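Using the working numbering, the first residue of the sequence shown is number 10, and each one after it goes up by one.
All residues carry an ideal CB built from backbone N, CA and C; glycine is no exception.
None of these values were measured; they are calculated from a predicted model.
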Amino acid sequence: MSTNIPDRTKDEGHQKKTKAIESSNDTTQWPVDAQVLREALREMDEQQERMERMELDTSTEIPMSEIQTRRRAWYRRKIAYIEAIQDTLLERKREPKSTKAEEETRLKKAHQAHTDLMLQLYVKEKKRFSTEQTEFRNSLIDFYGVKRQGLDAEEIWCVVSHSWGNSNQRVAAHIMPARLRDTQMKHIFGDEASDELFSVKNGLMLERQIESCFDNFQLAIVPCLGDQNSWELRVLDKHLLKVVHHFTNTRFEKLHGKKLKFLNENRPRKRYLYYHWLVCISIAGQKKMNMPRIKDEKDRFTQCWGTPGRYLREEMIAALMGYVGHKIPTKKRLRQNKNEDSYEDEDEEEEEEEEEEEEEEEEEEEDSDEEEDGSQN
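So, in structure tokens, the structure goes:
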């Protein structure tokens, strides 16, 4: 067996063809690949001696900087050969570097997308007067059917406080903050979410004080335990419980666990509410006084959400595990359709897949029988 080992320590002007390396007879106990690599190391030792002589030779025309560059390249090659020999002797197989690099890049982008969102809590956002925000507000009002004409002015419904109020006391709340960019949405949820920051599926009309707390990730909206198609408010910041909600003149602890009241069948996307809940959990969990409360919240509502793979990209799930540790003990998963997100059992899907596989096998057997009959005739 012979292999050509190119000498990459030289530039194009000093390239030299390398002799074919043959495995020596005194290392027959080694695997063949290891023998070849070992011979390559011997040749590199000879190269090192030549480089050392070159450094001492004052008459050489090669610049010292180039000699040092070759020495560093030689060292990197030697380390790579030694590691390859170890892998060969231990019968290990290395994964392609390109695949590993791609995975690391995707995971890094997922971490960055989550980190960018977390940092927004500490960056004061300027008021939005853009046409896009105005259109977003009008779309939410129409989508959820929350507008009526009052005695003196137009009134808007708040699904959390169950009350009508003056239009200037209602805010078009983004579930995933508008401070994010389309690229970050894509890294978190996938390509289909890249243009949904100002979608009606990413918003709710809320009373101003409630919207402020929701935007600061002190409040979360989660599925009701007894009714998976209904939603309730959870106060995840313990400090907020004793704060008075001015519009209803009650403390937020009275709103904790309150069921949302929608005026029609339209609902926001579960994946955005799910991610908002995860961020609330991760932020509140950083405060020691919230720890028992957060543990209870995770235990209560983890099963309601189902498998996170239905909402987020795999890389984003891996990034979030370091913050939340959301583990799913149930087989329930969630699907999305045009009108609303609904639950389906994984067992039903598995049964359907098994039936389809059985039908395909029967068809293949019938086709093979027909072919045999045809060949016999």
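Inter-residue CB distance, residue i and residue j (contact presumed, cutoff 8 angstroms)
i      : j      : result
PHE261 : LEU269 : About 15 angstroms; that fails the 8 angstroms criterion.
ILE197 : LEU245 : The pair is not a contact, with the Cβ atoms about 20 angstroms apart (cut-off 8 angstroms).
GLU216 : GLY174 : 6 angstroms
LEU206 : MET194 : 6 angstroms
LEU264 : VAL169 : 7 angstroms
ASP191 : SER208 : 11 angstroms between Cβ atoms; not a contact.
ILE292 : PHE226 : 5 angstroms
PHE271 : TYR153 : 7 angstroms
GLU6   : SER176 : No information on residue 6 is available, as it lies outside the stretch 10 to 386 that the chain covers here.
PRO277 : ASN211 : 7 angstroms
ASN299 : LYS251 : Not quite, the Cβ-Cβ distance comes to about 14 angstroms (not below 8 angstroms), so this is no contact.
As assigned by DSSP and simplified to three states, the class of residue i
i      : result
CYS233 : coil
HIS285 : helix
GLN142 : helix
GLN158 : strand
LYS268 : strand
SER260 : Here residue 260 is Arg; the residue named in the question, Ser, does not match the sequence. Looking at ARG260 - three-state DSSP - the assignment turns out to be strand.
LEU206 : coil
HIS335 : Only weak support exists for where HIS335 lies, its pLDDT of 45 falling under 50; the coordinates are left without a value.
GLU353 : Residue placement at GLU353 is flagged as unreliable, the pLDDT there being 40, under the threshold of 50; the coordinate-derived value follows with that caveat. Reduced to three states, the DSSP call for GLU353 is strand.
PRO277 : coil
GLN295 : coil
ASN238 : coil
ASP20  : Note that ASP20 has pLDDT 46, beneath the 50 cutoff, so the model's placement of it is unreliable and no number is given.
Identity of the residues DSSP links to residue i by a beta bridge
i      : result
LEU245 : According to DSSP, which records beta bridges pairwise, LEU245 is partnered with nothing at all.
ALA182 : LEU213
CYS167 : SER172
HIS254 : THR259
LEU189 : DSSP lists no partner for LEU189.
LEU228 : VAL244
Residue i, buried or exposed, once every other Cβ within 10 Å from all chains shown has been counted against 16
i      : result
TYR84  : exposed
ILE230 : buried
PRO186 : buried
SER351 : Note that SER351 has pLDDT 44, beneath the 50 cutoff, so the model's placement of it is unreliable and the number below is only indicative. Classification for SER351: exposed.
GLN295 : exposed
ASN348 : Residue placement at ASN348 cannot be trusted, given a pLDDT of 40 that sits under 50; what the coordinates show is reported in the next sentence. When all chains shown are included, ASN348 counts as exposed.
ARG81  : exposed
GLU141 : exposed
ARG146 : buried
HIS255 : exposed
THR37  : Any reading at THR37 must be qualified, since the residue scores a pLDDT of 46, below 50, and its modelled position is unreliable; the value itself is stated next. Its Cβ having fewer than 16 others within 10 Å, THR37 is exposed.
ASP224 : buried
ALA181 : buried
VAL253 : exposed
GLU48  : buried
HIS171 : exposed
ARG51  : exposed
ASN273 : exposed
ARG279 : Rather than Arg, the amino acid found at residue 279 in this sequence is Lys. Buried, by the Cβ-count rule.
ARG243 : buried
ILE303 : buried
ILE71  : exposed
GLU61  : exposed
ILE387 : There is no way to answer for residue 387, as the model of the chain reaches only from 10 to 386.
ARG396 : Since the first and last residues shown for the chain are 10 and 386, residue 396 lies out of range.
Span of the alpha helix (DSSP H), counted from its first residue to its last, around residue i
i     : result
GLU70 : That residue, GLU70, is in no alpha helix (DSSP H); it is neither H nor E in DSSP.
Interface flag, residue i vs chain D, CB-CB below 9 angstroms
i      : result
ALA182 : This model lacks chain D altogether; it includes just one protein chain.
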